[in-house]
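I have placed the structure first, in the form of structure tokens, so that the comments after it can refer back to it.
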Amino acid sequence: MSRQEKHLYEFGPFRLDPVKRRLLRDGEPMPLTPKAFDTLLALVRQSGKTIEKDDLMKKVWPDAMVEENNLNQNITALRRSLGDSRHQSHYIATVPGLGYRFVADVREVEVGGADVTVVEKQTRTRIVAEEEELIEESAETGSGTASEAQAPSALVVAEETETEPARFRLTSPGTLTIPEAETRAVNRIRAANALRRTLLILVPLALAALVYALFTRDKQRSPQPAVASIVVLPLENLSGDPAQEYFADGMTDALIGDLAKIGELRVISRTSSMHYKGTKKSLPEIADELKVDAVVEGTVQRSGERVRIRAQLIHATSDRHLWAETYERDVRDVLDLQSEIAQAIAREVQIKMTPVEQARLTPRRPVHPKAFDDYLQGRYLYWNKRTEENLGKAIEYFQSALREDPTYAPAYAGLADCHNALGSVQFGAGPPMEARRRAEEAAAKALEIDPALAEAHSALGYVKHFNWDWAAAEQEFKRAIELNPNYAHAHSFYAGYLMSRGRAEESLAASNRARELDPFSLSISVHRGFLLGNARRYDEASEQLRRVIAMDPNHYHAYWFLGHIYAFNGQLDEAVAASEKAVSLSGRAPSALGMLGLVYGLAGRKGEATKVLNELLELNERRYVTPAALAYVYIGLGDKDQTFVWLEKAYQERSYYIAWLKVNPIVDSLRSDPRCDDLLRRAGLPQ
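Residue numbers for the sequence shown follow our numbering, beginning at 10 and rising by one.
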């Protein structure tokens, strides 16, 4: 008797038998479709390793081209059979942007096989027909191909009678040879078994119909999982060119931007999405960290002037695939492509859009490929790095985009953002009024072309805020948030406006919203720490800023603001240490030097404060230095007259510092002086 070795795989309470094609749980068989079984077997055989989706589909459907949705259905069915938790994958984990990995411990067991025989005992006849398997597979998967239907499986037909066992010899798939002496014994039962063969074919069909009816009835009763929040994970760059990463990042951000226009859907912002680029975390883990219901993941491939995007929507906690689609367009039509994907996702999650929101997602005019490419590089290679040098490079790319297409509104919005940043207190690259003038011109031009561009309204609100046009600033911020309720930076900028007006509770509520939308944005987190300090919630403020420093130990703005918070709270030794670190990391930026001179003076280290003052005065002869930095040092030295001299200069150039006079604890020592009230009145601030 020939022996056939069998390998069984055990994991948890399950045993997988590749020969009998059975999955047992505690000895009880689990129902699986043939293709679901093949999918599980492929994953188990390579347990612990990630199998890319394309490779897995080739293993399961080696001779057919099938849609990825077929694989998604198999994975969903397997997770249901294996009882994976809604919050954690114990067996099959999704690796975002790649494929799947079997994560449970697997034990391989070898057991001896037995001859394939006809067992002719007094038991029921077992007939397993090729036709039955094909019908069963077709009914169970609903996605078979013609080539699959014509490929018979190597199954054993075993009939039991009252004679001695007779051997079967399996010669080829679906071909069975019976010794001649036993042929008549088999023939005698063939007629009797005809009816049973028919029943064995029809009964599974009837059962399948019943299961289908029950399933569809349950499906009608059980609504699709609710989706009110979503994250778009970084689309994987399949171009094979690492230099094209900016393009994949740009496509990710554009999709986020389109989905963010839907008011009923909370969409995680780009910065927090990019935090998961290349992550090995499972989708349920990511969803739990971001507190979202669903995840969009996919790939982008650019070849010449063609773009192909494959995207899929997954219910995060259950890992249920809700939707998948592949799109291919010319680069000129890439904006339409993004809108199509966003609309498809909105339909799938059954979010109700207002007519205005639907209009915002309607197809737009073609974009010049070179202009689009320059814009993406400006945004994702340079603007996002937020250094003075990189902001200058971003401006060059935005200007190049506008030379190619003078009507491309996002490039104007990018210019406005750059000029606002360069004129801000952190960079102080030049007189703020000049920077804001350029920012205002760019934002106005963007809105002339596209009045519904939220980024341009937000940039214009920023300009109005620090130009002390208080009513117009609030109007622009509200309009930006109305147009894009998920634009985290608009909420953060509006929070700053509200705090400067003394509306602390409203400010912190807006800041909380910004943090919910972009929890991994360091700039939003740093700004929130500063706002908490101005609200006199010093412990919360310092804790917030220390968390930022833990994530990025070289974030000089975090140290700079932390110096403020410690000074506000009278923790002068800590204020000195934080301010010295900010000066070191910033390359002795004037704003950081001003803070250091202040805390040296407050700590009684007058000589060191004076040295900082002299350094700033000498620096002021060579480059732009914000007058507020010198005013800060004079506050530390206790010289009120010189403090107001430099604050007046700051007022004349509409310095960013003046907007904070109402709430800034640093100037508490000046509030009894009528000159302080005069500054507040002239700036239009509440007294």
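The beta-carbon is built from N, C-alpha and C at its ideal position, and this holds for glycine as well.
Taking the C-alpha atoms as reference points, what is the distance between residue 530 and residue 497? 9 angstroms
Check for me: the beta strand (DSSP E) holding residue 321 runs from which residue to which? 315–324
How would you write the range of the alpha helix (DSSP H) that residue 675 sits in, first residue to last? Looking at the DSSP string, residue 675 is not in any alpha helix (DSSP H), and its letter there is neither H nor E.
Can you have a look at residue 243 and say buried or exposed, based on whether 16 or more other CB atoms are within 10 angstroms of its CB? buried
Grab me the residues of residue 416's own chain with a C-beta within less than 8 angstroms of its C-beta, minus the 5 sequence neighbours each way, in chain order. 458
When burial is assigned at 16 or more other CB atoms within 10 Å of the CB, is residue 118 buried or exposed? exposed
Per DSSP, residue 109 forms a beta bridge with which residues? 60, 103
If you drop the 5 nearest sequence neighbours on each side, which residues of the same chain put their C-beta closer than 6 angstroms to that of residue 258? 389
If we ignore side chains and look at the alpha-carbon of each, how far apart do residue 328 and residue 277 end up? 19 angstroms
Relative to the C-alpha of residue 247, which residue among 590, 316, 592 is closest? 316
Looking only at DSSP bridge pairs, what is residue 246 linked to? 309
Counterpart residues of residue 23 in DSSP-defined beta bridges: 20, 34
In whole angstroms, what is the alpha-carbon distance linking residue 381 and residue 55? 42 angstroms
Own chain, CB closer than 6 angstroms to residue 336, minus 5 neighbours either side, in chain order: 318, 346
Residue 261 versus 695, 647, 325, 245, residue with shortest Cα-Cα distance: 245
Starting from residue 655, trace the alpha helix (DSSP H) both ways and give me its first and last residue. 649–661
Cβ-based burial, residue 560 [other Cβ within 10 Å; buried from 16]: exposed
Need the endpoints of the alpha helix (DSSP H) that residue 354 sits in, please. 343–357
Mapping the DSSP letters down to three states, classify residue 464 as helix, strand or coil. helix
Along the chain, where does the alpha helix (DSSP H) that runs through residue 479 open and close? 479–492
Keeping to the same chain, check which residues put their C-beta closer than 8 angstroms to that of residue 645; ignore five residues upstream and five downstream. 606, 607, 608, 609, 610, 611, 618
Look at residue 463 and residue 429 and say whether their C-beta atoms are less than 9 angstroms apart. no
Sequence-distant residues of its chain with Cβ nearer than 6 angstroms to residue 534 (five each side left out): 557
Residue from 499, 630, 79 whose Cα sits closest to the Cα of residue 522: 499
Supposed close pair residue 698, residue 116 - CB separation, criterion 8 angstroms: Any answer about residue 698 is impossible in this case: the structure gives the chain only from 10 up to 696.
My guess is that residue 636 and residue 437 are in contact by the Cβ rule of under 8 angstroms, so how many angstroms apart are they, rounded? Not quite, the Cβ-Cβ distance comes to about 10 angstroms (not below 8 angstroms), so this is no contact.
Checking 9 angstroms against the spacing of the C-beta atoms, do residue 660 and residue 439 come in under that value? no
Under the three-state reduction of DSSP, which class applies to residue 524: helix, strand or coil? helix
Looking at the secondary structure, which residues open and close the alpha helix (DSSP H) in which residue 627 lies? 615–631
With a threshold of 9 angstroms between beta carbons, is residue 617 in contact with chain B? No chain B is present in this structure, which holds just one protein chain.
Short check: CB of residue 504 to CB of residue 672, under 9 angstroms? no
Residue 520 to residue 302, Cα distance in whole Å? 22 angstroms
Reduced DSSP secondary structure (H/G/I, E/B, other) of residue 48: helix
Beta strand (DSSP E) containing residue 339: first to last residue? 329–339
Alpha-carbon spacing of residue 420 relative to residue 386, whole angstroms: 11 angstroms
According to DSSP, residues forming a beta bridge with residue 39: 32
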